[in-house]
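The listed protein sequences derive, respectively, from chains Y and G.
Mapping to my numbering: the first sequence position 80 is 378, numbers consecutive.
Mapping to my numbering: the second sequence position 446 is 765, numbers consecutive.
Glycine included, C-beta positions come from ideal geometry on N, C-alpha and C.
Computed from a predicted model, the values in this text were never measured in an experiment.
Data first, discussion second: the structure below is written as structure tokens.
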Amino acid sequence: MSEHEQDRNAVISRVLEERKHQPGALLPILHGIQDVLGYIPREAIAQIAQALNLSRAEIHGVVSFYHHFRTSPPGRHTVYLCRAESCQSMGANQLVEHAKAKLGVDFHETTRDGAFTLEPIYCLGNCACSPAMMIDEEVYGRVTPKRFEEVVRTVKEAA
Amino acid sequence: MSVTIYVPRDSSALSVGAEAVAGAIAVEAARRNSDVILVRNGSRGLYWLEPMVEIETAQGRVAYGPVAMKDVASLFDADFLHGGRHVLCIGPTEKIPYLQKQERLTFARVGITDPLSLADYAVHGGWKGLRAALAMDGATAVKQVTDSGLRGRGGAAFPAGIKWKTVLDTSADQKYVVCNADEGDSGTYSDRMIMEGDPYVLIEGMAIAGIAVGATQGYIYVRSEYPHSCQVLAEAIALAKAGGYLGPDVLGSGKAFELEVRKGAGAYICGEETSLLESLEGKRGMVRFKPPLPAIAGLFGKPTVINNVITLASVPTIFANGAAHYRDFGMGRSRGTLPIQLAGNLKYCGLVEKAFGVTLRELLYDYGGGSASGRPLRAVQIGGPLGAYLPEQQFDTPLDYEAFMAIGAMVGHGGIVAFDDTVDMAGMARYAMEFCAIESCGKCTPCRIGSTRGVEVIDHIVSGLEREKNIALLEDLCDTMLNGSLCALGGMTPFPVQSALKYFPNDFRAAPKRKVA
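Quick look at the structure:
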């Protein structure tokens with residue numbers, strides 16, 4: 299087992315130990331793992347299934363149902379562009395096209411340098427400052443194509 | 320003497336630079352040896368002015384906005400610490416017309432207090448409702464809610480008192496209170512504002528619900544799209560617990576109420592109450608058949624009060640000021656106030672809490688100031704992605720659950736999204752179907768398959784393929800979804816589609832496209 303795999307398994311075991319006893323533990327467990335690792339590794343599914351006495355199919359069913367959970371590692375930063383109505387009314391569709399062109403990726407893809415994964419999101423509750431986006435857990439409002447480029451550059455340089 | 324400065328920590332304010340402004344103020348104050356106390360409040364909801372900085376002066380608070388980092392030095396130069404004149408000065412906050420004309424009950428404290436200060440909350444009337452509830456028996460407490468006329472502020476507008484009474488009257492070894500904070504309707508942000516700007520009002524409302532119906536455990540199921548809300552709530556719950564407002568012995572009453580935050584995972588359907596309960600139980604968020612109602616067999620099969628954020632946050636004022644006080648606001652069977660959220664293409668987007676009865680036109684023009692783009696407003700969507708699109712001729716409809724129902728629309732969560740005349744309504748109808756296809760839980764056929772077919776049929780109509788036949792097909796499909804779906808997602812997706820088709824038929828014609836002037 300590589301060092302990386304050992305670390306990963308340690309995270310999964312620790313999260314399971316901490317959270318498996320709460321009622322309805324599956325979502326908190328999945329959040330716990332993804333918060334640290336950035337995704338839900340395939341190996342985790344078997345371990346969770348065993349800890350909760352559920353089938354692997356059931357765990358897989360839950361992981362694949364929710365948009366937030368992913369089964370492959372994302373880029374260093376995740377850019378969520380809001381596609382909902384309020385943002386559309388203020389130019390979100392053009393912003394989406396601009397972002398895709400600038401990053402050179404479609405939704406659910408990661409830039410070649412591994413810096414950004416682009417995801418759609420449906421409402422950040424920032425509708426009074428549309429169009430909106432979120433990078434990792436920071437929300438940005440009144441995003442113009444120019445501001446998008448500035449923010450993306452700043453985030454990349456800060457890393 | 321030290322001067323108190325308020326800079327919001329609300330995520331919308333942060334999204335336009337409030338953090339940098341707060342930082343710059345702290346640095347500048349230190350550099351000038353000014354004695355200031357920086358309070359990170361919620362937002363007043365005047366979002367076109369965010370980041371809005373307020374200064375506590377002898378004459379009350381004075382507002383400045385929108386403040387950018389680069390303005391900070393000049394604000395100090397203009398002696399803004401004493402309400403000095405500056406190009407960004409708005410004047411006394413309480414005199415801003417947008418705020419003055421409002422009737423804020425649920426939002427009474429938002430933007431005024433430090434969201435996490437228990438002392439501030441108490442000074443501004445907090446916990447009065449909970450103390451009142453603790454002095455009542457369950458039946459009396461539930462009757463307060465019934466008498467107030469409060470209806471669920473989520474979508475269905477079901478009377479809250481009836482729901483609570485069902486839970487109270489159902490005997491069980493364990494009951495729950497669940498707060499639905501996963502309502503992801505575009506154009507609605509009042510939940511987020513409450514959770515970030517006055518979390519204790521939600522906590523108090525839930526504690527009252529628990530005490531009233533005999534539930535000892537509560538859960539707040541928050542959207543994962545609101546990371547700031549999750550964080551503020553977790554801190555607020557810990558502080559409320561330490562202060563004795565939550566826990567095994569609420570305010571020394573011998574009654575228990577525990578509260579926990581649970582994070583959702585980006586599924587719109589989990590804003591539907593039974594899907595939310597499935598998700599809380601650790602499953603896919605798939606809709607349950609009703610009956611049994613959640614009030615009888617809800618979370619983990621136990622009787623459960625499930626209400627949304629605004630419903631629960633409206634409860635403390637009802638208990639603090641009496642059911643009659645609340646009921647006296649509003650019209651017809653729509654009682655009390657509604658936090659309305661203006662969004663989209665408007666000049667002055669923000670939160671407006673008013674008694675029911677205010678008209679759309681007043682909201683769009685008197686408050687909203689018309690379109691942000693300067694072009695004519697053409698369509699307005701109300702009540703989220705499942706709400707109808709209304710044209711100008713409907714703008715005089717008063718905000719009232721029944722009046723809206725009468726024109727095939729819904730008040731829903733009170734979110735209003737405005738579009739100017741560049742909007743392509745066939746595109747918006749297509750988006751409604753597409754959104755339903757992405758977010759359908761898949762349990763029932765009309766929603767799961769109808770939404771995908773709906774996208775195709777609209778594409779056919781717009782491309783001019785057997786147009787009349789396909790319009791008839793789309794209408795038939797909408798009818799099937801409306802009447803055959805298990806829950807509101809499939810059952811209401813036809814509303815935006817049908818209304819777009821009805822009021823904006825020309826947008827569905829094949830090219831040449833409608834010309835934009």
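Review point. Using Cβ-Cβ distances below 8 Å, what residues of the region 735-756 of chain G are close to chain Y?
Key: 736, 737, 738, 739, 742, 747, 750, 754
Practice item. Note the first and the last residue of the continuous alpha helix (DSSP H) segment covering residue 752/G. Key: 744-758
Exercise for review: Determine, using beta carbons only, whether residue 522/G and residue 578/G come nearer to each other than 8 Å.
Suggested key: yes
Practice item. Tell me, to the nearest whole angstrom, how far the beta carbon of residue 537/G is from that of residue 495/G; I am working on the premise that it is less than 8 Å. Key: 7 Å
Review point. So what does residue 658/G bridge to, in DSSP terms?
Key: 672/G
Exercise for review: Measure the C-alpha to C-alpha separation of residue 668/G and residue 385/Y and round it to an integer number of angstroms.
Suggested key: Near 12 Å, if we compare the C-alpha coordinates of residue 385/Y and residue 668/G.
Check your understanding: Just by C-beta distance, which residues in the region 673-689 of chain G are closer than 8 Å to chain Y?
Key -> none
Review point. Any idea which residues DSSP pairs residue 700/G with across the strands?
Key: 708/G, 736/G
Exercise for review: With DSSP collapsed to three states, give me the class of residue 836/G.
Suggested key: With a pLDDT of 44 at residue 836/G, under the threshold of 50, the modelled position of that residue is not reliable, and the figure given next carries that caveat. The answer is coil: DSSP assigns residue 836/G none of H, G, I, E or B.
Exercise for review: Using a threshold of 8 Å, state whether the C-beta atoms of residue 715/G and residue 680/G are closer than that.
Suggested key: yes
Practice item. Could you pull out every residue in the same chain whose Cβ sits closer than 7 Å to the Cβ of residue 594/G, ignoring the five residues on either side in sequence? Key: 588, 604, 605, 606, 760
**Study point:** At least three beta-carbon pairs within less than 8 Å, the region 332-351 of chain Y to the region 505-525 of chain G
**Key:** no
Review point. Buried or exposed: residue 424/Y, going by 16 or more other Cβ atoms within 10 Å of its Cβ?
Key: buried
Check your understanding: Under 8 Å between the Cβ atoms of residue 365/G and residue 417/G?
Key -> A contact, by the Cβ cut-off of 8 Å.
**Study point:** residue 836/G to residue 694/G span [Cα, whole Å]
**Key:** Caution is warranted here: a pLDDT of 44 is assigned to residue 836/G, below 50, making its placement in the model unreliable, and the coordinate value is therefore given only provisionally. Going from the Cα of residue 836/G to the Cα of residue 694/G covers about 10 Å.
**Study point:** Identity of the residue in 653/G, 654/G, 790/G, 670/G nearest residue 661/G by Cα
**Key:** 670/G
Exercise for review: Would you grab the beta carbon distance between residue 464/G and residue 637/G for me? Rounded to a whole angstrom, and I think it's under 8 Å.
Suggested key: 7 Å
Exercise for review: Locate the beta strand (DSSP E) running through residue 378/Y, then write down its first and last residues.
Suggested key: 375-380 is the extent of the beta strand (DSSP E) around residue 378/Y.
**Study point:** Three-way DSSP call (helix, strand, coil) for residue 542/G in this model
**Key:** coil
Check your understanding: Taking the C-alpha atoms as reference points, what is the distance between residue 408/Y and residue 383/Y?
Key -> 25 Å
**Study point:** Beta-carbon proximity list for residue 320/Y, same chain, < 8 Å, skipping 5 on both sides
**Key:** Cβ neighbours of residue 320/Y beyond the five flanking positions: 326.
Review point. Given that a residue counts as buried once 16 or more other Cβ atoms are within 10 Å of its Cβ, and exposed if not, what is residue 491/Y?
Key: Here chain Y has residues from 299 to 457 only, and residue 491/Y is not among them.
**Study point:** First and last residue of the uninterrupted beta strand (DSSP E) at residue 582/G
**Key:** 577-582
Review point. Helix, strand or coil for residue 452/Y per DSSP?
Key: helix
**Study point:** For residue 795/G and residue 727/G, the rounded distance between their alpha carbons
**Key:** Approximately 17 Å between the Cα atoms of the pair.
**Study point:** Reduced DSSP secondary structure (H/G/I, E/B, other) of residue 435/G
**Key:** coil
Check your understanding: CB-CB under 7 Å to residue 767/G, same chain, minus the five flanking residues each way: which ones, in chain order?
Key -> So the qualifying residues of the chain are 759, 761.
Check your understanding: If you check the beta carbons only, do residue 544/G and residue 421/Y fall under 8 Å apart?
Key -> yes
Practice item. Return the Cβ separation of residue 639/G and residue 410/G in integer angstroms, given the expectation that the two are a contact with Cβ distance under 8 Å. Key: In fact, because the Cβ distance is near 30 Å, the residues do not count as touching under 8 Å.
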